[in-house]
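First comes the structure, then the notes that go with it.
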DNA sequence: CCAATGGTTCGGTGGCCGCCAAACCATGCC
DNA sequence: GGCATGGTTTGGCGGCCACCGAACCATTGG
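Residue numbers (our numbering), protein chains in the order written: chain A, 110 to 377; chain B, 110 to 377.
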């Protein structure tokens, strides 16, 4: 730190303003910690050992990292029985990580990574903190936009009056402030689809409703979401989404199409 | 990097997914680079030497940092005469930095930093990438919300029908898509006021209009914005904002009130 | 032409920080 | 009580990277 200069200058502000940012960004700017955070972006709390395993580091190292993340209020801990469960501390943190990911997704899109069955399932449907992402998440967003229920743009999202009725009928609890025109709808850049899906309160509610109806089922300890047979039908009837008619969990034909469309357009 | 493990596992995804994030976050997670980025969040392009000076590092070191930032597409460069001007590469990057700053602002709010005249002016009115922030920015946002022209919430912002008329009359160019109900309005967490001001296209337009009318004037090479006498009147008549009636540039009485209200509520 | 200014490249140095293993504490189960 | 499991603490090692000065290139101006 080159803070050996004597007196304060007019530029000190920038340094002070950056100071906290540096701390936070540096925290994310480490492979092990970022891996943990990415894992926790699945939305569910995970134990220290689990996180250590995912980041491929020893438990002692993980413990140190988690301590820092909690200290910086990026993560919350709750003790349950013998285990310590860590989770993303706030939606603000989730949004920050989304933002970083969105920027990271811009650069070097060509580097072709190997795809596994797990990877395919993730690309097909997964949770993003508290809402749905992947092919499914984008498809739902598309359907809602096409139906005039939601408007999405780079800088924000909006639920239309018709959409409010539609989503309420679907079971979404849009809160007591739904009359006050509060906006809970936000676009979130999907890293695999490179398009927007719906985040914010509305996104979380859609996710919740689908889970409650048994349309979707989450993998244990993973971000993967599977569509049940009932979900196939329900999603088609409600949103007009056809997931390929094949097997319930990630029909591979869809992926071929999806990935083909995605990665050929190499332009950012 | 502990990538010595042999076969791929089901957790590789998280690592791959995190890889790019790490790169970007690590870039921001350095004092010198973050200082430069913070300076460039003022919205105007700066030269390499200027940035080196602000970050208090040698030009050679700065050159290295800037090379990395440009390489990662966080910054753009344009050569003009002898100088190289750097600027934030895209609104996506600006949003990311806002997001990091918002998280950073949560923690340790008590640490009382010394305030200078420059600092006070920054807290009073400044640019945030392409829109207005500080006391003034929040006051405008408040006025628009109170007038029913804009709705702001944690997850998004919206311009009402009335607001569309109002802002258009004010001179804001809300684009040809204004009929398609596109949303360009976005809340941006103000680090000094700890409340939202208006960002996105709408925020940029408001800023532009105020500058064009001569209501505001930017400091050269600084994020500081000054309110002209004409601006005093205009802002009061148009938005109903009373900036204290005193001198045009940052009446100190206002700051006392402002800061008192801000930092005493130490709860995040 | 030379001088001045803005910027980059190159070597070499220093420090911070991530990593692990081993020891240690705490909780829960038999 | 005693074993097992989950987490944290400690000490020591190693590598990456930010930093600078000096030399070097490029542009502009006299």
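Cβ coordinates follow ideal geometry from the N, Cα and C atoms, glycine included.
In this text, all values refer to a predicted model and were calculated from it rather than measured experimentally.
task = Out of B:207, B:178, B:189, B:190, state which residue places its alpha-carbon closest to the alpha-carbon of residue 198 (chain B).
result = As a working mapping, residue 198 (chain B) is identified with position 89 in the second chain. Selected option, being the one with the closest Cα: B:178.
- Item | Positions along the region 196–217 of chain A whose CB lies within less than 8 Å of some CB in chain B | Hits within the stretch, in order: 199, 200, 201, 202, 204, 205, 206, 207, 208, 209, 210, 211, 212, 213, 214, 215, 216, 217.
Requested in this report: Work out the CA separation of residue 182 (chain B) and residue 219 (chain A) for me, nearest whole Å.
Outcome: Numbered from its first residue, the first chain carries residue 219 (chain A) at position 110. Numbered from its first residue, the second chain carries residue 182 (chain B) at position 73. In this prediction, residue 219 (chain A) scores a pLDDT of 48, lower than 50, which makes its location untrustworthy; the coordinate-derived value is nonetheless stated afterwards. The straight-line gap separating the alpha-carbon atoms of residue 219 (chain A) and residue 182 (chain B) is approximately 15 Å.
Could you tell me if residue 321 (chain B) is buried or exposed, where buried requires 16 or more neighbouring beta carbons within 10 angstroms of its beta carbon? In the second chain, counting from the first residue as 1, residue 321 (chain B) sits at position 212. Exposed, because fewer than 16 other Cβ atoms sit within 10 Å of the Cβ of residue 321 (chain B).
Integer Cβ distance of residue 309 (chain B) from residue 265 (chain A), believed to fall under 8 Å:
Along the second chain, read from residue 1 onward, the residue named residue 309 (chain B) stands at position 200. Along the first chain, read from residue 1 onward, the residue named residue 265 (chain A) stands at position 156. Contact annotation, residue 309 (chain B) with residue 265 (chain A): C-beta distance approximately 7 Å; criterion of less than 8 Å satisfied.
### Message
Within 8 Å, do at least three Cβ pairs link the region 238–252 of chain B to the region 296–306 of chain B?
### Response
Yes: at least three Cβ pairs fall under 8 Å.
query: Does any residue of chain A bring its CB to less than 8 Å from the CB of residue 329 (chain B)?
result: Taking the first residue of the second chain as position 1, residue 329 (chain B) is located at position 220. For residue 329 (chain B), the nearest beta carbon of chain A is not closer than 8 Å to its own beta carbon.
- Query: So does the region 196–215 of chain A actually touch the region 130–145 of chain B, counting three or more Cβ pairs closer than 8 Å?
  - Reply: Yes, since at least three Cβ pairs between the region 196–215 of chain A and the region 130–145 of chain B fall closer than 8 Å, the two stretches touch.
Worksheet entry | For residue 314 (chain A), the nearest candidate out of A:201, A:240, A:260 (CA to CA) | For the purposes of this step, residue 314 (chain A) is identified with residue 205 of the first chain, where counting begins at 1. With respect to the C-alpha of residue 314 (chain A), the residue from A:201, A:240, A:260 having the closest C-alpha is A:240.
| Can you round the beta-carbon distance between residue 332 (chain A) and residue 151 (chain A) to whole angstroms, since I take them to be within the 8 Å contact cut? | In the first chain, residue 332 (chain A) corresponds to position 223, counting from 1. In the first chain, residue 151 (chain A) corresponds to position 42, counting from 1. Under the criterion of beta carbons closer than 8 Å, residue 332 (chain A) and residue 151 (chain A) qualify as touching, at roughly 4 Å.
According to the Cβ coordinates, are residue 299 (chain A) and residue 234 (chain A) closer than 8 Å? Taking the first residue of the first chain as 1, we reach residue 299 (chain A) at position 190. Taking the first residue of the first chain as 1, we reach residue 234 (chain A) at position 125. Not closer than 8 Å, so no.
request  = Check the Cβ-Cβ distances between residue 132 (chain B) and every residue of chain A, and say whether any is below 8 Å.
outcome  = By one-based count along the second chain, residue 132 (chain B) stands at place 23. Yes, because at least one Cβ of chain A sits closer than 8 Å to the Cβ of residue 132 (chain B).
If residue 237 (chain B) and residue 279 (chain B) are in contact, beta carbons under 8 Å, what's the gap, nearest whole angstrom?
Indexing the second chain from 1 puts residue 237 (chain B) at position 128. Indexing the second chain from 1 puts residue 279 (chain B) at position 170. The Cβ separation is near 20 Å, so there is no contact.
- Pull up the distance between the alpha-carbon of residue 180 (chain A) and that of residue 346 (chain B), whole angstroms please. Counting from 1 along the first chain, the entry for residue 180 (chain A) is found at position 71. Counting from 1 along the second chain, the entry for residue 346 (chain B) is found at position 237. Straight-line Cα distance between these residues: approximately 47 Å.
As a quick exercise: from A:277, A:295, A:227, pick the residue whose alpha carbon is nearest that of residue 260 (chain A).
Locating residue 260 (chain A) in the first chain gives position 151, where the first residue counts as 1. The candidate whose alpha carbon is nearest that of residue 260 (chain A) is A:295.
Are three or more beta carbon pairs between the region 139–147 of chain A and the region 153–165 of chain B nearer than 8 Å? Pairwise C-beta distances place the region 139–147 of chain A out of contact with the region 153–165 of chain B, as fewer than three of them are shorter than 8 Å.
Just reading off the alpha helix (DSSP H) that residue 168 (chain A) is part of, what are its end residues?
The residue you call residue 168 (chain A) lines up with position 59 of the first chain. Residue 168 (chain A) -> alpha helix (DSSP H) spans 168–180.
Alpha-carbon spacing of residue 274 (chain B) relative to residue 244 (chain A), whole angstroms: Reading the second chain from its first residue, position 165 is the one you call residue 274 (chain B). Reading the first chain from its first residue, position 135 is the one you call residue 244 (chain A). Per the coordinates, the alpha-carbon of residue 274 (chain B) lies some 38 Å from the alpha-carbon of residue 244 (chain A).
Check your understanding: Cβ atoms of residue 312 (chain A) and residue 324 (chain A): under 8 Å apart, would you say?
Key -> As a first step, residue 324 (chain A) is located in the first chain; it is residue number 215 there, counting from the start. As a first step, residue 312 (chain A) is located in the first chain; it is residue number 203 there, counting from the start. Going by C-beta atoms, residue 324 (chain A) is not nearer than 8 Å to residue 312 (chain A).
query: If you draw a straight line from the alpha carbon of residue 226 (chain B) to that of residue 336 (chain B), how long is it in whole angstroms?
result: The sequence position of residue 226 (chain B) within the second chain is 117, counting from 1. The sequence position of residue 336 (chain B) within the second chain is 227, counting from 1. About 16 Å.
CB residue 135 (chain B) to CB residue 157 (chain B), shorter than 8 Å?
Stepping through the second chain from its first residue, residue 135 (chain B) is reached at position 26. Stepping through the second chain from its first residue, residue 157 (chain B) is reached at position 48. Not closer than 8 Å, so no.
- Item | Same chain, Cβ closer than 6 Å to residue 232 (chain A), five either side skipped, listed in chain order | Within the first chain, numbered from 1, the residue matching residue 232 (chain A) stands at position 123. Same-chain partners within the cutoff: 243, 301.
Does chain A have any CB closer than 8 Å to the CB of residue 138 (chain B)? Taking the first residue of the second chain as position 1, residue 138 (chain B) is located at position 29. Taking a beta-carbon distance threshold of 8 Å, residue 138 (chain B) counts as an interface residue toward chain A.
Exercise. Taking the alpha carbon of residue 228 (chain B) as the point to measure from, which residue in B:334, B:349, B:350 has its own alpha carbon closest?
Worked result: In the second chain, the residue the question calls residue 228 (chain B) occupies position 119. Ranking B:334, B:349, B:350 by Cα distance to residue 228 (chain B) puts B:334 first.
Self-check item: Nonlocal neighbours in the same chain, by C-beta distance under 8 Å from residue 339 (chain A), ignoring five residues either side
Solution: Position 230 of the first chain, counted from the first residue, corresponds to residue 339 (chain A). Once the five neighbours on either side are set aside, the close Cβ partners of residue 339 (chain A) are 322, 323, 324.
- Item | Within chain B, the residues that residue 297 (chain A) reaches when beta carbons sit closer than 8 Å | Residue numbering aside, residue 297 (chain A) sits at position 188 when the first chain is read from its first letter. Neighbours of residue 297 (chain A) on chain B: none; closest Cβ ~10 Å, over 8 Å.
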